[in-house]
Each structure stands twice: as C-alpha cells, then as structure tokens.
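Chemist: In the numbering used here, the protein residues as written are 12 to 83.
Ideal Cβ positions, reconstructed from N, Cα and C, are used throughout, including at glycine.
For reference, the structure I am asking about is given below.
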C-alpha cells in the first residue's frame with residue numbers, strides 16, 4: 012500500500028509516474044519532501060517533473076515481452 016502512495020524511486024521512475032498521471036488528466040500531484048536535505052529533495056523532484064516531457068525511446072528485449080523505456 013505504501014508503494015502506491017509514495018514515489019521513493021529514481022528520477023526516471025518518478026518521471027514515468029508523473030507522465031502517467033499527466034496522461035490520465037491529473038491537475039496536481041501532492042508532494043511532501045522529507046529527510047535532512049529538503050533543498051536536494053525539491054531539486055530532484057523538479058528534475059523528475061521536467062524529465063516527464065523528455066522524449067522517450069522504447070525497445071523490446073528478445074528475452075522478455077515487456078517494453079523498456081529509456082529517458083534522455
């Protein structure tokens with residue numbers, strides 16, 4: 012349940028989640044930075060939010076049916 016409500020992951024994964032929320036029509040995303048370095052947390056989230064608009068390339072691996080998404 013916690014994973015559904017939090018984004019304690021990489022910037023790329025956060026960007027992908029934000030892109031999905033964007034595509035679903037989300038008007039806002041509540042964000043609560045935590046930890047000892049709040050300015051760093053805010054910068055990281057901003058970078059992820061900006062990255063959600065970056066072009067992506069998708070490729071399928073021959074070993075799996077899932078699609079890999081890479082961010083520039």
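In three-state DSSP terms, what is residue 21?
Modeler: Coil at residue 21, not helix or strand.
Chemist: Nearest-angstrom Cα distance between residue 59 and residue 22?
Modeler: Taking the straight line from one Cα to the other gives about 5 angstroms.
Chemist: Spatial neighbours of residue 61 within its chain, please: CB distance less than 7 angstroms, with the 5 preceding and 5 following residues excluded, ordered by chain position.
Modeler: Hits under 7 angstroms: none found.
Chemist: Going by the CB atoms, is the gap between residue 63 and residue 26 shorter than 8 angstroms?
Modeler: Closer than 8 angstroms, so yes.
Chemist: Quick check on this structure: which residue in 35, 39 and 29 has the alpha carbon closest to the alpha carbon of residue 65?
Modeler: Ranking the options by Cα distance to residue 65, first place goes to 29.
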